[in-house]
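Residue numbers (numbering that gives the first Met the number 0), protein chains in the order written: chain A, 0 to 325; chain B, 0 to 325; chain C, 0 to 325; chain D, 0 to 325.
Protein chains: 4
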Amino acid sequence: MNSFGRIFRISIYGESHGPSVGIVIDGCPPGIPIKRDDFETDLSRRKSGAKGTTSRIEGDHPVILSGIFNEYTTGAPINIMFENTNTRSGDYSDFREIPRPGHADFVASKKYLGFEDYRGGGHFSARLTLGLVAAGVIAKKIIHPVKISASLIEAGGIKDIEQAINEAIKENDTIGGIIECHATNLPVGLGEPFFDPAEAMLSHIIFSIPATRGIEFGTGFAAAKMRGSEHNDRFVETSGKTLSNHAGGINGGITNGNDITFRVAIKPTSSTPKSQQTMNFKTGEITDFTVKGRHDTCVALRAPVIVEAATAIVLADLQLLNNVCK
Amino acid sequence: MNSFGRIFRISIYGESHGPSVGIVIDGCPPGIPIKRDDFETDLSRRKSGAKGTTSRIEGDHPVILSGIFNEYTTGAPINIMFENTNTRSGDYSDFREIPRPGHADFVASKKYLGFEDYRGGGHFSARLTLGLVAAGVIAKKIIHPVKISASLIEAGGIKDIEQAINEAIKENDTIGGIIECHATNLPVGLGEPFFDPAEAMLSHIIFSIPATRGIEFGTGFAAAKMRGSEHNDRFVETSGKTLSNHAGGINGGITNGNDITFRVAIKPTSSTPKSQQTMNFKTGEITDFTVKGRHDTCVALRAPVIVEAATAIVLADLQLLNNVCK
Amino acid sequence: MNSFGRIFRISIYGESHGPSVGIVIDGCPPGIPIKRDDFETDLSRRKSGAKGTTSRIEGDHPVILSGIFNEYTTGAPINIMFENTNTRSGDYSDFREIPRPGHADFVASKKYLGFEDYRGGGHFSARLTLGLVAAGVIAKKIIHPVKISASLIEAGGIKDIEQAINEAIKENDTIGGIIECHATNLPVGLGEPFFDPAEAMLSHIIFSIPATRGIEFGTGFAAAKMRGSEHNDRFVETSGKTLSNHAGGINGGITNGNDITFRVAIKPTSSTPKSQQTMNFKTGEITDFTVKGRHDTCVALRAPVIVEAATAIVLADLQLLNNVCK
Amino acid sequence: MNSFGRIFRISIYGESHGPSVGIVIDGCPPGIPIKRDDFETDLSRRKSGAKGTTSRIEGDHPVILSGIFNEYTTGAPINIMFENTNTRSGDYSDFREIPRPGHADFVASKKYLGFEDYRGGGHFSARLTLGLVAAGVIAKKIIHPVKISASLIEAGGIKDIEQAINEAIKENDTIGGIIECHATNLPVGLGEPFFDPAEAMLSHIIFSIPATRGIEFGTGFAAAKMRGSEHNDRFVETSGKTLSNHAGGINGGITNGNDITFRVAIKPTSSTPKSQQTMNFKTGEITDFTVKGRHDTCVALRAPVIVEAATAIVLADLQLLNNVCK
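Rendered as structure tokens:
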């Protein structure tokens, strides 16, 4: 469904080419200071415009429909809406016959019986992550003094991101990348057994971000090759600090006070400008196909701030849950 | 919290050395045939006893406390309980002073203020996966004709699992491994945007399994190194069948009718028989420490049937959710 | 929290004098035809303007922010927003010192630590029922051919509603009333034991409507005075039709195919124009107090369409839940 | 579904004549002292045995399957199970042909397609309230110093309960009654707008108790006949204390620090020993019918402790929710 979280609960809505996208946040404590400018930095990090990002430029101005009064959260639901203005729906008219490879066009049409808004990916568009970023701005304030920082550490298989983008553009193709995220200054105790360990909640929201293909915490897949005596992090302080951090800051699903670290694999943008072969579902024939519309060479470029927001949302929720019994 | 799922909703309970572990399943449709013998195969796959598994042997007989009548599900909640019989709690008495590295001892003690049942890991024990396996047996019947198959494809960094176990035993250490899971015969349409895509629901439950460190779908982390034109799976049939399956059977979070494939990284067992250095929280001094108790050399050996069960639980839930609007 | 429902799940937002009020509907099936005009009849039934209702007149035009495309629901969340235009916040400036008797001013200020939007009752305003009515319009289409009809059967203790209003206006006071609701053409099977019986779900949402003080199903409180042999409804058809309907169409929490009937008690409007004595929380003294602002003599006049909407929302949800296992 | 609550979340299971009934409590804080004897008083108040109650006598010994260690809650799920021992299932064999009037037999058979456990009402039996009472014992400890007290104030239409029972027995019939409940020592602030006001949560769980037909808070249905100036409770202390308590301790869905008061209408026991006419669904003919089995003359006699438990469960949940933002 379109909601996530136990206490700090977000509900997302909107379509790429409909009137708006946005998010409703329920369960936000009262008294969090929020100014409209607070959203600017993160929203502009998510924005396109740089080399390797789409030429569809939206203002992305957050319209606060409820829940904030005199620049503080009130405790009532916060609805943050973004109007869609720069849409060109004509570009998407052929997808009913030739569903784009790697996209949700085919499954959406089957699942929603043809009633889905197919323009620009509709409700499946990465444009819906705008709401995530906005909610993340508020979540980051709740979890203070925890700090979250995500960055793209590899694109198209190489560490030099600029070079990777240039190569992909030259090849008229698209690339993916790997995002690494760190959260610091964490308290001990965030995460709820059995089904809401910190990794489970984080992976749940991270896989809700379009184009995610994998996630690993701490040493991750490499841990599967280690010995227990190597992998165990030995305690060196009664605060819980450990010498190494193979566990990525989480034991038994609960934060142990060390930094949370994880990596996310983002697939290459499905909408490649390169010609592809696929099937025309009307004629049943294999056909050459080139995606029209305006797309990112590398969506992973815009994803770090989304990963940060998602992380903040989960940590805010787990922190509020953990307060329950105090 | 200790429940998971939207419709087919499971609630887990129990502790390693308490009276029992088990699971309550709500939202199971009536009329699913269930005999006590149906649980046997999967429970014995999870059981210890083979080389590399713990010497704690439990009967693991499922006691059905409710919800099944005349060998059919009734539509009421199903409670399946397993008594704990073979417990040796004396083994665990020192963990308050010297929390075991890599375990939940430290975080549990902080989070539950010292009231947690610390014996054998308590509620954090992998013994709680018994309930998952039992629920999986029922879920597998609901999703018929979908078939799920998981296996350990690598342990301690090598493909020959037996050799890996032998080496670890010889080194008096523990190892992890990688599990690969396939689901076949899938319908198109399972998964719910924005926050319950199939990958998000699967990763959520998979990270609830103790010792999971990573998950990747389809081509996974390798996708981050590919070009869009390589990674896109082109359609070859109007059923949605694709030539390749880099997406692991899922587009836009919704099953596309191709096989779901994913891999899970399992860390080496934290309870290694090898001597470790860690801190005594009472004295504040670094001390040599050897885990007592009976443990697995490689928990990953017993995990494939748990991964299968978890997958079946998610697919049953998504299938029931998808029925809603029919 | 601000969401309700299992499948057809509504999330309400807004404040009386903030930018907007509205509702997000998740879990609505695709393919339900919705035109903007469809909302008009029910919204105007809820509107003020008649004798006995407030002089604050709002346009109450639904703005569809998402989820409807080409005049059909798409299966994605539907956000329906109403702008607040006719607000006079100056009227409410004294409530911090003298919380209005019978209102949420005092409890809101304590619970939200003074950060609540206190203007016009803020998030506690009956204006939030606009969203309920809008969601009800969609729900009524889902439950077709079920028909719901609610009416005010008594106001201020008498059956002649017009006379009751006139007397209250003459006395410069406010009155409450009793609403009776019937749902017909029902299928057998709506309602989920143990905690989601039809009465529980209905009462839950009905008590979310401001000013509700009681609810009774079928014979209701009078049933407590009857004998079992009188109260039992005997079956007269294999469809489940019964001779009498003391049960109000529900047995064991599940609809039995007979009409659902219930009555709701609405208290007199708290904002009476009559002078009252209450406490000034700043000075600690008892003071004379007269509510300013524009208010209804009898809120119950506008409530029947809200009760209908709430009923439709619950029945739509229960119907979708009941489809799950088909 | 079979779960209720946001934080203090209960899941009920069991059937009247199956192996057991019971409850799983998730979200209970650690450190609540619980001894087995603590359950005795409330369980014996619920027990049959007095005049007017069924002759089926069960031991009703709580078996704690998880979540309590060294006589304290641990923070993990608490499973409390009651074995069914004194069952006579032969009594119920005819219900498939002649569903009992006033019972769930007919609707259960339709909804669960004939797979329901029909013995003794199965999952619809009032025996499932045992779990509620057990959870209530724990909830009462959480909400300390809040005190809850419910009593039967009227049966069969008269205040003298003993006389009412004697008359009903003499008439070979059954009766209902009215239960009044008070909660005292309440904090300000329990209840969550818009959909979880205190009355909504209380009514939801109260209507989950079999045989409930109505609920009213404070002045209740009589409020519908009052003037606003009469009904408003004027503040007399800055703590929120009011002179009258027509609101039943709740404004805007949130506790205001005054006592919560409500009344519940319980219908007469459907299983009357008196001969009734109803339909034989196999033959389609109207037939004389007498309920066999062992039943209560007045179930309302045993209900006060159940109403108390339900109230405590809701208040515990709302209190924990209210702690979230502290």
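All C-beta atoms, glycine included, are put in the ideal place defined by N, C-alpha and C.
Predicted model, so just to flag it, every value in this text is computed and none were measured.
Taking the alpha-carbon of residue i as reference, which of the options has the nearest alpha-carbon?
i                 : options                                   : result
ALA125 of chain A : A:GLN276, A:ARG233, A:ILE265 and A:LEU320 : A:ILE265
ASP225 of chain A : B:GLU170, B:ALA103 and B:HIS230           : Here the sequence assigns Met to residue 225 of chain A, which means Asp is not the residue at that position. For the residues B:GLU170, B:ALA103 and B:HIS230, the minimum Cα distance to MET225 of chain A belongs to B:GLU170.
PHE216 of chain C : C:SER274, C:ASN250, C:LEU185 and C:THR173 : C:ASN250
ILE9 of chain B   : B:SER207, B:ASP232, B:VAL323 and B:GLY292 : B:SER207
ASN255 of chain A : A:SER270, A:ASP232, A:LYS50 and A:THR218  : A:ASP232
GLY156 of chain A : B:ASN165, B:GLY227 and B:VAL187           : B:GLY227
ASN257 of chain A : A:HIS181, A:LEU42 and A:ARG118            : A:HIS181
PHE94 of chain A  : A:TYR117, A:THR72, A:ALA246 and A:GLY175  : A:TYR117
PRO267 of chain D : D:ALA75, D:PRO100, D:THR173 and D:HIS16   : D:THR173
THR241 of chain C : D:PHE194, D:SER19 and D:VAL106            : D:VAL106
PRO326 of chain C : C:PRO76, C:ARG55, C:GLY51 and C:ASN83     : Within the shown structure, residues of chain C are numbered from 0 to 325, placing residue 326 of chain C beyond reach of any answer.
GLU179 of chain D : D:ASN85, D:VAL263 and D:GLY66             : D:VAL263
When burial is assigned at 16 or more other CB atoms within 10 Å of the CB, is residue i buried or exposed?
i                 : result
LYS109 of chain B : buried
SER274 of chain A : exposed
GLY283 of chain C : exposed
LYS139 of chain C : buried
ARG212 of chain A : buried
HIS143 of chain D : exposed
HIS294 of chain C : buried
ALA49 of chain B  : exposed
GLN318 of chain C : buried
ASN78 of chain B  : buried
GLU161 of chain A : exposed
THR128 of chain B : buried
GLU70 of chain C  : exposed
ARG326 of chain A : Outside the displayed range of chain A (0 to 325) lies residue 326 of chain A, so it cannot be described from this structure.
How many whole angstroms separate the CB atoms of residue i and residue j, which I take to be in contact at a CB cut-off of 8 Å?
i                 : j                 : result
SER47 of chain B  : THR53 of chain B  : 5 Å
GLY121 of chain B : ILE22 of chain B  : So it is not a contact: roughly 17 Å between Cβ atoms.
ILE141 of chain B : PRO29 of chain B  : Rounded, the Cβ-Cβ distance is 11 Å, inconsistent with contact.
GLU115 of chain A : THR73 of chain C  : 5 Å
PHE234 of chain A : GLY247 of chain A : The pair is not a contact, with the Cβ atoms about 16 Å apart (cut-off 8 Å).
Go ahead and pull the three-state DSSP assignment for residue i.
i                 : result
PRO303 of chain D : helix
PHE68 of chain A  : strand
GLU229 of chain B : helix
ARG293 of chain D : coil
ASP25 of chain C  : strand
ILE33 of chain D  : coil
ASP159 of chain A : coil
ILE56 of chain B  : coil
HIS245 of chain B : coil
ARG95 of chain D  : coil
ALA49 of chain A  : coil
Please compile the residues from chain E whose C-beta is within a distance smaller than 7 Å of the C-beta of residue i.
i                : result
VAL23 of chain C : No chain E is present in this structure, whose protein chains are A, B, C and D.
Within the present structure, is the beta-carbon of residue i separated from the nearest heavy atom of the ligand NAP by less than 7 Å?
i                 : result
GLY217 of chain A : With respect to the ligand NAP, the structure shown offers nothing to examine, as it has no ligands at all.
Of all the residues that make up the segment 2-21 of chain B, which are near chain D by a beta-carbon distance shorter than 8 Å? SER2, ARG8, SER10, ILE11, TYR12, GLY13, GLU14, GLY17, PRO18, SER19, VAL20 and GLY21
To be precise: take each residue of the segment 226-253 of chain B, compare its Cβ to all Cβ atoms of chain D, and keep it if any distance is under 7 Å. Which residues remain? none
Can you pull out the residues from the segment 257-290 of chain D whose beta carbon lies closer than 9 Å to at least one beta carbon of chain B? none
Quick one, which residues of the segment 310-324 of chain D are near chain A if we go by CB-CB under 9 Å, in chain order? LEU319, LEU320, ASN322, VAL323 and CYS324
The segment 186-198 of chain D: positions lying closer than 7 Å to chain C by Cβ: Within the segment 186-198 of chain D, the qualifying residues are VAL187, GLY188, GLU191, PRO192, PHE193, PHE194, ASP195, PRO196 and GLU198.
Residues in the segment 103-134 of chain B with C-beta within 7 Å of chain A's C-beta atoms, listed in sequence order? ALA103, PHE105, VAL106, ALA107, LYS109, LYS110, HIS122, PHE123 and LEU127
Using a Cβ-Cβ cut-off of less than 9 Å, give me the residues of the segment 59-77 of chain C that come near chain A, in sequence order. VAL62, ILE63, LEU64, SER65, GLY66, ILE67, PHE68, ASN69, TYR71, THR72, THR73, GLY74, ALA75, PRO76 and ILE77
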